[in-house]
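**Q** This is the structure I have questions about; it appears just below.
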Amino acid sequence: MALFPECACFQIFAQVVFACIFLNFLWGCWNFIYVYFMGTYPDFHKYGKWSVVTGGTDGIGLAFVNKLAALGQNIVVISRNPEKVEKVALEVSEKYKVKTKQIAVDFGHGDIYPKIAKELEDIDVGTLVNNVGVAQDIVKFLKIVDHGGNLENILTVNAESLVKMTRLILPGMIKKRKGIVVNMGSGSGICPTPLLSVYSSTKKFVDCFSKCMHSEYADKGIITLSFMPWFVATKMSEISQPNFLVPCPEHVVSSALKTIGRCRRSYGCISHFLQGKLCEDLPESFVSWILRHILSRAREHVRGKPTVSQARSQQ
11 MALFPECACF QIFAQVVFAC IFLNFLWGCW NFIYVYFMGT YPDFHKYGKW SVVTGGTDGI
71 GLAFVNKLAA LGQNIVVISR NPEKVEKVAL EVSEKYKVKT KQIAVDFGHG DIYPKIAKEL
131 EDIDVGTLVN NVGVAQDIVK FLKIVDHGGN LENILTVNAE SLVKMTRLIL PGMIKKRKGI
191 VVNMGSGSGI CPTPLLSVYS STKKFVDCFS KCMHSEYADK GIITLSFMPW FVATKMSEIS
251 QPNFLVPCPE HVVSSALKTI GRCRRSYGCI SHFLQGKLCE DLPESFVSWI LRHILSRARE
311 HVRGKPTVSQ ARSQQ
């Protein structure tokens, strides 16, 4: 007789566990549909007339510049190369009939922010895209070439610039109680990524920082998005031909902008969401092993080409 109550309790417990798992599955399906199928572009003008994009002359940054301009936003292009900045600003202004502002600075230097602050005076910034970033060579940590402060440059550009640009622009957004901040992370920041140890760690920081900003300032009307794409067909990734798993920057940016306000972390597009979800749900050690295998093959492919410290940046 004593076994009956125990069996009944076990059945109830099992049913509750099953119900929780099933409800979690349904919530995940609904969230996926809500974020990646039902999204529309925000009314960026409601937040401000200007969008600031760092690293806006190549790849994903350039795609952000063009898409935001196509949606009617005036654009501040901030990047390292003065000629590229001027070229992009003029092309965008002529093509989309919007105002542009050019700021040529190297985010590897920490003394640039007073200049940026002065240039942004009296500009109604509604959207900030912290996109600028540099990669590293696909090697083990101790084999990273550190001449010319390469390691420090990765940390400064990928992490410090994000913090300082946000600190520069966020007060104005809080004052008017509205603003959008998009922080450029990477799928490599989802889990430990061997052979990209420093780069992936900086992108993990981007994700964590973004979620902290969301928690601290959502009640002030600030929308913060951690944008964590996987491989995109850009100069930085050295992949020239886009496909379903490796989309072009225009596609992933267009999709990512539609997820603003619908989630805290966006993979941008459906194919990258599927890759990210696998990395979230599979054992971390297994995912790291797979990533190491993929990157080892990629290293063989690029061997003999200039190192990323020489050729691959989004400044």
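Counting along the sequence shown from 1, when you hit position 311 you're at 321 in this note's numbering, and nothing is skipped either side. The beta carbon of each residue, even a glycine, is placed where N, CA and C say it ideally should be.
1) From this set, Asn-84, Lys-94, Gly-118, Tyr-209, which residue's C-alpha is nearest Lys-109's C-alpha?
2) So the candidates are Met-183, Leu-152, Trp-60; which of them puts its Cα closest to the Cα of Val-208?
3) Take the Cβ of Leu-288 as the centre, count every other Cβ of all protein chains shown within 10 Å, and call the residue buried at 16 or more, exposed below.
4) Return the Cβ separation of Gly-71 and Asn-141 in integer angstroms, given the expectation that the two are a contact with Cβ distance under 8 Å.
5) Would you identify the three-state DSSP class for Trp-60, choosing helix, strand or coil?
6) Classify Ala-114 as helix, strand or coil using the three-state DSSP reduction.
7) Enumerate in chain order the residues of its own chain whose CB-to-CB distance from Ile-126 is below 8 Å, with the five nearest sequence positions on each side excluded.
8) Is there contact here, the stretch 284 to 303 with the stretch 202 to 217, by at least three beta-carbon pairs under 8 Å?
9) Quick check on this structure: which residue in Tyr-106, Pro-293, Val-167, Leu-138 has the alpha carbon closest to the alpha carbon of Asp-121?
10) Since Leu-235 sits in a beta bridge, which residues does DSSP pair it with?
11) Closest by CA to His-282, which one among Lys-77, Leu-138, Val-263?
12) Report yes if the CB atom of Cys-217 is closer than 8 Å to the CB atom of Gly-197, and no otherwise.
13) Just list the residues that DSSP pairs Arg-275 with in beta bridges.
14) From this set, Leu-292, Cys-273, Glu-310, Gln-285, which residue's C-alpha is nearest Thr-50's C-alpha?
15) Are Val-75 and Val-98 closer than 8 Å when you measure CB to CB?
16) In whole angstroms, what is the alpha-carbon distance linking Asp-53 and Phe-215?
17) Please report how far the alpha carbon of Asp-229 lies from the alpha carbon of Met-223, in whole angstroms.
18) Leaving out five residues before and five after Ala-80 in sequence, what residues of the same chain have Cβ atoms less than 7 Å from its Cβ?
19) Which of the three DSSP states is assigned to Val-173 in this structure?
**A** Considering the structure as presented:
1) Along the sequence shown, one-based indexing puts residue 109 at 99. Nearest C-alpha to Lys-109: Asn-84.
2) Mapped onto the sequence shown, residue 208 falls at position 198. Nearest of Met-183, Leu-152, Trp-60 to Val-208, Cα basis: Leu-152.
3) Taking the first residue of the sequence shown as 1, we reach residue 288 at position 278. With fewer than 16 Cβ atoms within 10 Å of its Cβ, Leu-288 is classed as exposed.
4) One-based indexing of the sequence shown puts residue 71 at position 61. One-based indexing of the sequence shown puts residue 141 at position 131. With a Cβ gap of about 4 Å, Gly-71 and Asn-141 count as contacting.
5) To locate residue 60, count along the sequence shown from 1; it is residue 50. Reduced to three states, the DSSP call for Trp-60 is strand.
6) Within the sequence shown, residue 114 is the residue found at index 104, counting from 1. DSSP places Ala-114 in strand when its eight states are reduced to three.
7) By one-based count along the sequence shown, residue 126 stands at place 116. Result list for Ile-126: Ile-88, Ile-113, Val-115, Met-175, Leu-178, in chain order.
8) yes
9) The residue you call residue 121 lines up with position 111 of the sequence shown. When each option's Cα is compared against that of Asp-121, the closest is Val-167.
10) Against the sequence shown, residue 235 aligns to sequence position 225. Val-192.
11) Against the sequence shown, residue 282 aligns to sequence position 272. In terms of Cα proximity to His-282, the closest of Lys-77, Leu-138, Val-263 is Val-263.
12) As a working note, residue 217 is residue 207 in the sequence shown. As a working note, residue 197 is residue 187 in the sequence shown. The sequence given here places Asp at residue 217; Cys does not occur at that position. No, the pair does not count as a contact, with Cβ atoms beyond the cut-off.
13) Position 265 of the sequence shown, counted from the start, is the residue given in the question as residue 275. The partner list for Arg-275 (beta bridge, DSSP) reads Ser-236.
14) Along the sequence shown, one-based indexing puts residue 50 at 40. The residue from Leu-292, Cys-273, Glu-310, Gln-285 with its alpha-carbon nearest to that of Thr-50 is Cys-273.
15) Against the sequence shown, residue 75 aligns to sequence position 65. Against the sequence shown, residue 98 aligns to sequence position 88. Taking 8 Å as the Cβ cut-off, Val-75 and Val-98 qualify as a contacting pair.
16) Position 43 of the sequence shown, counted from the first residue, corresponds to residue 53. Position 205 of the sequence shown, counted from the first residue, corresponds to residue 215. Their Cα atoms are separated by approximately 29 Å.
17) Taking the first residue of the sequence shown as position 1, residue 229 is located at position 219. Taking the first residue of the sequence shown as position 1, residue 223 is located at position 213. Each residue's CA atom was taken as its position, placing Asp-229 and Met-223 some 11 Å apart.
18) By 1-based counting over the sequence shown, the position of residue 80 is 70. Here the set comprises Tyr-106.
19) Start at 1 with the first residue of the sequence shown, and residue 173 comes out as number 163. In the three-state reduction of the DSSP assignment, Val-173 falls in the helix class.
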